[in-house]
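*Asks:* This is the structure I have questions about; it appears just below.
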Amino acid sequence: MSESMGVKTLIIDGQELSARAGQTILEVARENEINIPTLCHMEGLSNVGACRLCLVEIKGSNKLLPACVANIHEGMEVVTNSERLKKHRRVILELLFAERNHICAVCVSNGHCELQALAQELGLTHINLPYRNPALTVDASHERFTADHNRCILCSRCVRVCAEIEGAHIWDVMGRGIDSIVITDLHEDWGSSACTRCGKCVQCCPTGALFDKSKIGSDHPKYPDFLPYLNLMREAQ
Amino acid sequence: MTIEELEQIAKSVCQENDKYDFEVNVCMDLACMSQGADRLREALEKAAGASGKNVLVRRTGCMGPCSSGPLVRVDPEENLYHHVKADNAEAIVASLGGAPVPELQCDLNDHFDRQVRVVLENAGHIDPEKIDDYISRDGYKALLTALTEMTPNGVIHRITESGLRGRGGGGYPTGLKWGTVAKAGGELKYVVCNGDEGDPGAFMDRSVMEGDPHRVIEGMAIAAYAVGASKGFIYVRAEYPVAVSRLTTAIREARRRGLLGNGICNTPFSFDVEIRLGAGAFVCGEETALLASIEGRRGTPRTRPPYPAVSGLFGKPTLLNNVETYANIAPIVRNGGKWFANMGSERSKGTKVFALTGKITNTGLVEVPMGIKLREIIEVIGGGVPGGHTFKAVQTGGPSGGCIPAEMLDLGVSYDALMAVGSIMGSGGMIVMDDTSCMVNVAKFFVEFCKTESCGKCIPCRAGTAQMHTLLTRICEGKGTMEDLDLLISLCETIKETSLCGLGMTAPNPVLSTIKYFHNEYIEHIVHKRCPAGVCNIEAPVAVSAEVLA
Chain A
2 MSESMGVKTL IIDGQELSAR AGQTILEVAR ENEINIPTLC HMEGLSNVGA
52 CRLCLVEIKG SNKLLPACVA NIHEGMEVVT NSERLKKHRR VILELLFAER
102 NHICAVCVSN GHCELQALAQ ELGLTHINLP YRNPALTVDA SHERFTADHN
152 RCILCSRCVR VCAEIEGAHI WDVMGRGIDS IVITDLHEDW GSSACTRCGK
202 CVQCCPTGAL FDKSKIGSDH PKYPDFLPYL NLMREAQ
Chain B
522 MTIEELEQIA KSVCQENDKY DFEVNVCMDL ACMSQGADRL REALEKAAGA
572 SGKNVLVRRT GCMGPCSSGP LVRVDPEENL YHHVKADNAE AIVASLGGAP
622 VPELQCDLND HFDRQVRVVL ENAGHIDPEK IDDYISRDGY KALLTALTEM
672 TPNGVIHRIT ESGLRGRGGG GYPTGLKWGT VAKAGGELKY VVCNGDEGDP
722 GAFMDRSVME GDPHRVIEGM AIAAYAVGAS KGFIYVRAEY PVAVSRLTTA
772 IREARRRGLL GNGICNTPFS FDVEIRLGAG AFVCGEETAL LASIEGRRGT
822 PRTRPPYPAV SGLFGKPTLL NNVETYANIA PIVRNGGKWF ANMGSERSKG
872 TKVFALTGKI TNTGLVEVPM GIKLREIIEV IGGGVPGGHT FKAVQTGGPS
922 GGCIPAEMLD LGVSYDALMA VGSIMGSGGM IVMDDTSCMV NVAKFFVEFC
972 KTESCGKCIP CRAGTAQMHT LLTRICEGKG TMEDLDLLIS LCETIKETSL
1022 CGLGMTAPNP VLSTIKYFHN EYIEHIVHKR CPAGVCNIEA PVAVSAEVLA
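Here the protein sequences come in this chain order: A and B. For the first sequence, the numbering used here assigns the number 2 to the initial residue and increments by one for each residue that follows. For the second sequence, the numbering used here assigns the number 522 to the initial residue and increments by one for each residue that follows.
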């Protein structure tokens, strides 16, 4: 009996699939190359179901379920890409783009940003919602890394990786609602926090909110030696 | 403690009370206290002492019509006095045994006659800080009956039979919830009481905790017995200091009487309760956020399943009910499930306490049978809209609810009926609005509340409520366009369907319901740049002369 083996069968987007009991919808979908967009999910970290991009429809229920945390069950019929879901995903992305200052052209992560990639994937060419343009800070106090809150989407991957993997729990969320920000220690500068400088948070950050200073510099090598040379040549004329 | 001992205590309280010829009950609920009930009680005691009459001055919980406070009821005549000042104390004491004081008498017969009091049966009749007062009105009898005569399954059966549904707003069948927790495995289970009443304009749970704290504790103890829990937490918001202090006293007294603690009433059942204070976050009324807060973590909701019934507080099976739900338990156990099921409507049984506020004559607490028409609550019990204004809408369910227009006043109040018209029962706040209220502005007010109280975890609620607020502000300022309105509606749909918890899912309700029932007010603001109620400050469009344009 398939039940006792712990194997379940289900349908995702019309495809009949088998999966192990206890797997999430997202795991099964990805194993079978069915794409469900995610932002807060990251393999290796706990799931929080916060970004709501992975919501899917389950036949027989009007409620949308987050694929990253919803477990599969026998005979389940999942739809991952209906017009209703596409609309919601676009609005959620619009909300994210309008929430803070996401200006791709001047962002360090331009070209390798998960938010940008998702927008391209969903064909989001413009934002209808009013931009909020909040005045947010950039914390460059750390010798190796920078936190630019203008680019943060509060996915909490940095919080989770620091607590769950590094075991340092330097990052956490402060404030409520639209005023929430990620902070280091008890809202101290990142540079003077108890950060172990492992850099895991930077690698997990989906946008340009956390970045490595050295990588920025290497893209733009500068050669100031030209100046004395230039002056010397001019004097010689 | 046995039932006989309880009866003995009840008897001695009655004998004690019989020594007095008159009882003067002073409402010491927060509303009356804030109007000087404290000084009034002192003055009454002083006057009673000086008069030589045999008078018992008793502090009680909420009597109901808060706007008429401070309230005093003189028994056995049942004369209710309103707006009583400390200066009136002597007149009241002097009138005892004679004619009542005419200028203080209030005629609230219509207000009281239509009410059915189950949850509030003791409010206004007992001293909330005296456990014996509670015992004298059948207090803890239900607990002892359950412990000595009923099986845990029997208790759950009785609750299921009653048809009681969660009074926190969701309306989940209480018996079903109890059954699920009872079936969950594990030695350690918890019973939690949600006293984090955060809706603007709602104060039912506060009044129950302040006026009859033992009722909540007894309900929790019965629940613990039914589901097999041994530890309980009452989560109360810190903004309710009087409730906290009365609950603390009640827990202490119950322990002293052996009604909480190890081996209650010589049975193997042990149960104790602790109080946890909320730090003022509305979202902590959501069950998973509340549990996180009790655990000492940031109060943010998590995805469900697993439901708290399976994995709740500290990962253990947890029964979580609202204050008013627990307050209904003892009478159901005492009187039977059928008795309760006989009250109310088809799918919503029993009574519901509502906090009537806003543009209404009798502001205060009312308890009515489910199924009663909104019109009856507002026009008869509430005394209608004062000041010659006309009724416009009633908002039920706090910031998560919708606005119900005058045409729908004949709606019978029940979970399903309110849901069908785009509102919710919620915890029981009822805010009445008249023609001086601008519905767009009302929607903006509630959205602003949700925006401020959003925890920020999920995007639709965090950024969505902020965007709704921006769009509504534009419309209120006369700067909105029809495109903004379409955008707002589309945004509302996404927030409603995609938010992580109930706060976000219901935050668009005030907007959607006002757009549905008061569409013309939105049009007036957007197209004609005027606020029909005169609330919104819309600047007159600057007249541009043809000369300038040329």
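For each residue, glycine too, the CB sits at the ideal point set by N, CA and C.
By DSSP, does residue 790 of chain B sit in helix, in strand, or in coil?
*Replies:* Residue 790 of chain B: coil per DSSP, three-state reduction.
*Asks:* Where residue 1 of chain A and residue 198 of chain A are concerned, what is the direct C-alpha to C-alpha distance, given to the nearest angstrom?
*Replies:* Beyond the ends of chain A as shown, which are 2 and 238, falls residue 1 of chain A; an answer cannot be given.
*Asks:* Between residue 181 of chain A and chain B, is there a C-beta pair that is closer than 8 Å?
*Replies:* So yes, residue 181 of chain A belongs to the interface.
*Asks:* Could you tell me if residue 822 of chain B is buried or exposed, where buried requires 16 or more neighbouring beta carbons within 10 angstroms of its beta carbon?
*Replies:* The residue is buried, with at least 16 neighbouring Cβ atoms inside 10 Å.
*Asks:* Pull up the distance between the alpha-carbon of residue 537 of chain B and that of residue 633 of chain B, whole angstroms please.
*Replies:* Approximately 29 Å between the Cα atoms of the pair.
*Asks:* To the nearest angstrom, report how far apart residue 639 of chain B and residue 567 of chain B are at their CA atoms.
*Replies:* Taking the straight line from one Cα to the other gives about 34 Å.
*Asks:* Would you verify that the beta carbon of residue 143 of chain A is, or is not, closer than 8 Å to some beta carbon of chain B?
*Replies:* So no, residue 143 of chain A is outside the interface.
*Asks:* Under the rule that 16 or more other beta-carbon atoms within 10 Å means buried, what is residue 728 of chain B, buried or exposed?
*Replies:* Residue 728 of chain B is buried by the Cβ-count criterion.
*Asks:* Mind listing, in chain order, the continuous beta strand (DSSP E) runs of no fewer than 3 residues lying wholly within the region 906–989 of chain B?
*Replies:* Listed in chain order, they are 912–917, 924–926 and 950–955.
*Asks:* Terminal residues of the continuous alpha helix (DSSP H) containing residue 538 of chain B?
*Replies:* Element bounds for residue 538 of chain B: 524–539.
*Asks:* Between which two residues does the alpha helix (DSSP H) containing residue 1039 of chain B stretch?
*Replies:* No alpha helix (DSSP H) contains residue 1039 of chain B, which DSSP labels as neither H nor E.
*Asks:* When DSSP labels each residue in this structure, what does residue 724 of chain B get in the three-state scheme?
*Replies:* The answer is coil: DSSP assigns residue 724 of chain B none of H, G, I, E or B.
*Asks:* Using a beta-carbon distance cut-off of less than 8 Å, what residues from the region 902–930 of chain B approach chain A?
*Replies:* Per Cβ criterion, the list is empty.
*Asks:* Relative to the alpha-carbon of residue 777 of chain B, which residue among B:1045, B:1036, B:522 and B:1060 has its alpha-carbon at the smallest distance?
*Replies:* Answer by Cα proximity: B:522.
*Asks:* Once you ignore the five residues that flank residue 741 of chain B on each side, which residues in its own chain have a CB closer than 7 Å to its CB?
*Replies:* Hits under 7 Å: 712, 714, 753, 794 and 847.
*Asks:* Against chain C, with Cβ distances strictly below 8 Å, would residue 161 of chain A count as a contact?
*Replies:* Checking the listed chains, one finds no chain C in this structure; the protein chains it contains are A and B.
*Asks:* Between the alpha carbons of residue 549 of chain B and residue 543 of chain B, how many angstroms are there, rounded?
*Replies:* The alpha-carbon atoms of residue 549 of chain B and residue 543 of chain B are separated by roughly 19 Å.
*Asks:* With residue 94 of chain A as the anchor, note down where its alpha helix (DSSP H) starts and where it stops.
*Replies:* Per DSSP, residue 94 of chain A belongs to the alpha helix (DSSP H) from 84–100.
*Asks:* Which residues in the same chain as residue 992 of chain B place their Cβ atom closer than 6 Å to its Cβ, once the five residues preceding and following it in sequence are excluded?
*Replies:* Once the five neighbours on either side are set aside, the close Cβ partners of residue 992 of chain B are 1005 and 1009.
*Asks:* Taking Cβ-Cβ distances below 8 Å as the criterion, which residues of the region 769–790 of chain B are in contact with chain A?
*Replies:* Cβ contacts with chain A: none found.
*Asks:* For residue 152 of chain A, name the three-state secondary structure that DSSP assigns.
*Replies:* In the structure shown, residue 152 of chain A sits in a helix (DSSP, three-state: H, G or I).
*Asks:* Which of helix, strand or coil does DSSP assign to residue 839 of chain B?
*Replies:* Looking at residue 839 of chain B - three-state DSSP - the assignment turns out to be strand.
*Asks:* Is there a Cβ from chain A that is less than 8 Å from the Cβ of residue 829 of chain B?
*Replies:* No, residue 829 of chain B does not count as interfacial toward chain A.
*Asks:* Compare the C-beta of residue 805 of chain B against all C-beta atoms of chain A and say whether one is closer than 8 Å.
*Replies:* It does not; no Cβ of chain A falls within 8 Å.
*Asks:* Have a look at residue 750 of chain B and residue 771 of chain B and give me their C-alpha separation to the nearest angstrom.
*Replies:* Approximately 20 Å, taken between the alpha carbons.
*Asks:* Taking the Cβ atom as the reference point for each residue, do residue 935 of chain B and residue 1034 of chain B lie within a distance shorter than 8 Å?
*Replies:* No. Outside cutoff.
*Asks:* Let me make sure I understand the geometry here. Which of A:86, A:115, A:47 and A:40 has the alpha-carbon closest to that of residue 980 of chain B?
*Replies:* Measuring from the Cα of residue 980 of chain B, the nearest candidate turns out to be A:40.
*Asks:* Using the Cβ count rule (16 or more neighbours within 10 Å means buried), how would you classify residue 726 of chain B?
*Replies:* Buried, by the Cβ-count rule.
*Asks:* Residue 654 of chain B to residue 524 of chain B, Cα distance in whole Å?
*Replies:* Answer to the nearest angstrom: the Cα atoms are 16 Å apart.
*Asks:* Cα separation between residue 736 of chain B and residue 541 of chain B?
*Replies:* Taking the straight line from one Cα to the other gives about 26 Å.
*Asks:* Using a C-beta to C-beta distance shorter than 9 Å, which residues of chain A count as neighbours of residue 1029 of chain B?
*Replies:* Under the 9 Å cutoff, chain A gives no residues; its nearest Cβ is about 12 Å from residue 1029 of chain B.
*Asks:* Any idea what DSSP makes of residue 885 of chain B, helix, strand or coil?
*Replies:* In this structure, residue 885 of chain B counts as strand in the three-state DSSP scheme.
*Asks:* For residue 1038 of chain B, count the other beta carbons within 10 Å of its own beta carbon; 16 or more makes it buried, fewer makes it exposed. Which is it?
*Replies:* With 16 or more Cβ atoms within 10 Å of its Cβ, residue 1038 of chain B is classed as buried.
*Asks:* Go through its chain and collect everything with a Cβ distance to residue 109 of chain A's Cβ below 7 Å, but skip five positions before and after it.
*Replies:* Result list for residue 109 of chain A: 209, 212 and 217, in chain order.
*Asks:* Using 8 Å for Cβ pairs, my map puts residue 195 of chain A next to residue 171 of chain A. What's the rounded Cβ distance?
*Replies:* With 8 Å as the limit, residue 195 of chain A and residue 171 of chain A qualify as a contact, their Cβ atoms being about 6 Å apart.
*Asks:* Residue 875 of chain B: which of B:1045, B:949, B:528 and B:677 sits nearest, CA to CA?
*Replies:* Measuring from the Cα of residue 875 of chain B, the nearest candidate turns out to be B:949.
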